[in-house]
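Undergrad: Starting off with a structure, shown below.
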Amino acid sequence: MALDGGKGAVTTKNQPLWPGQTDYTAEALTAAPKADGSGYWVLTFRPGTGNLIVFEFDAHGLVTGSAREYALGTSVSRFDARIGYGTLNFSRDYQKLLIMAGNHCTGTTACSRERGLVRLVDFDNSTSTPTLRFEWNNATNQLGTAAGDSNRGYSADFSPDEQYVYTSALYPGRLFRYKISGKSTSTQVKASEEFIAITNSATASPAVYNGSGQVRRGPDGRMYVANYGHGAISVIRTPDAATAPTASLAQRQAAVGWVYNGQSLSAGTTSRYGLPQVVTRFVPQTYVY
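Residues in the sequence shown are numbered consecutively from 1, following UniProt numbering.
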């Protein structure tokens, strides 16, 4: 950090992390501190297979020859195997990892839609070894099916207490929730599916396709949902609140504290698809936005 008056500067750039390999990175990217504090694991997934790819970094940068690839379950891509949008998000202790592989689904036959494949993985941050716990296909459209719906599963993150997984979809924008606490199989997780909200419109019209974006856990016990092109993002105020199996959509939204566009952005600022991603190894964790 001595360069540029203490601001720091990029000294090496445009260097491939895995020479000789191609198509090994996705839009999804995250990092986790190593258990011994000696560096970080940097993670992405390979489009087409959904395999998890991990690189090791220490104080000197990339550890040469550290690239490793892990197969997790069985999946197939909907279209071009080079398309890899989605997210990677860790639990607070970096022991669990959520993968949303957009354009993918479980199995070996073509996906009917770009619903997105969700995987919950136990992660050993001493060795970077992942162990698949659950995998399931993200939900399809709710409140009607209109021509052009593609149900692109886009993001997944843990609720603050890590009892639930929230997922978002684009085109049209939708928000779903799955309970992982107390579940022992992927089938049980999928069966807990709840439709929470339309995320790109204040109305129940399924014909609105633009907008929406990632769902992310915030540092304040709430969760937030991006809304492309808007001057605000939506808020889930009580994301770990339980709901009754027979609850209506309005009752579910009231329980979790859903507020469409409930957090205004600075004047002249508009939301895009993403939300801030923070990696920290401090205990207790401190987030600065």
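We put the beta carbon where it would ideally sit given N, CA and C, even for glycine.
(1) Between K34, E162 and V235, which has its C-alpha nearest K179's C-alpha?
(2) Looking only at its own chain, which residues have a Cβ that is under 6 Å from the Cβ of F213, when we skip the five neighbours before and after it?
(3) Would the region 62 to 72 and the region 150 to 160 be scored as touching if the rule is three or more Cβ pairs under 8 Å?
(4) For a quick check, are the C-beta atoms of T44 and L62 less than 8 Å apart?
(5) Are the region 235 to 248 and the region 214 to 222 touching by the rule of at least three beta carbon pairs closer than 8 Å?
(6) What is the residue span of the beta strand (DSSP E) that A101 lies within?
(7) Within the same chain, show all residues whose beta-carbon is closer than 6 Å to that of Y260, passing over the 5 residues directly before and after it, in chain order.
(8) Going by CA-CA distance only, name the one from N200, L117, L98 and M100 that's closest to residue 290.
(9) Return the first residue and the last residue of the alpha helix (DSSP H) that L249 is part of.
(10) What does a CB cutoff of less than 7 Å around E27 pick up in its chain, not counting 5 residues either side in sequence?
(11) Please name the residue or residues paired with W136 in a DSSP beta bridge.
(12) So, is V279 buried or exposed, given that buried needs 16 or more other C-beta atoms within 10 angstroms?
(13) With DSSP run on the structure shown, which of helix, strand or coil describes K179?
(14) Using the Cα positions of G182 and Y164, report the straight-line distance between them to the nearest angstrom.
(15) Thinking K34 and N125 are a contact (beta carbons under 8 Å), I'd like their distance in whole angstroms, please.
(16) Could you say which of D93, L97 and G50 lies nearest to C105 if we only look at CA atoms?
(17) Would you report the Cα separation of F195 and R119, rounded to the nearest angstrom?
(18) Which residues mark the beginning and the end of the alpha helix (DSSP H) in which A191 is found?
(19) Residue range of the beta strand (DSSP E) that G86 falls in?
(20) In whole angstroms, give me the CA-to-CA distance for S38 and F55.
(21) What's the C-alpha gap between A267 and G231?
(22) On the three-state DSSP scale, how would you describe T145?
(23) According to DSSP, simplified to helix, strand and coil, what is G213?
(24) So, with DSSP's three-state summary, where would you put G73?
(25) Spell out the partners DSSP gives L170 in its beta bridges.
TA: Taking the coordinates as given:
(1) E162
(2) Note on identity: in this sequence residue 213 is Gly, with Phe being the wrong assignment. Result list for G213: A226, Y228 and Y273, in chain order.
(3) no
(4) no
(5) yes
(6) K96 to A101
(7) A202 and S234
(8) Residue 290 lies beyond the range of the chain shown here (1 to 289); nothing can be said about it.
(9) L249 to V256
(10) G84, Y85 and G86
(11) V118
(12) exposed
(13) strand
(14) 10 Å
(15) 6 Å
(16) G50
(17) 19 Å
(18) S186 to A191
(19) G86 to F90
(20) 14 Å
(21) 8 Å
(22) Below a pLDDT of 50, predicted positions are generally treated as unreliable, and T145, at 48, falls in that range; the measurement from the model is reported next regardless. Correct three-state label for T145: coil.
(23) coil
(24) coil
(25) R152
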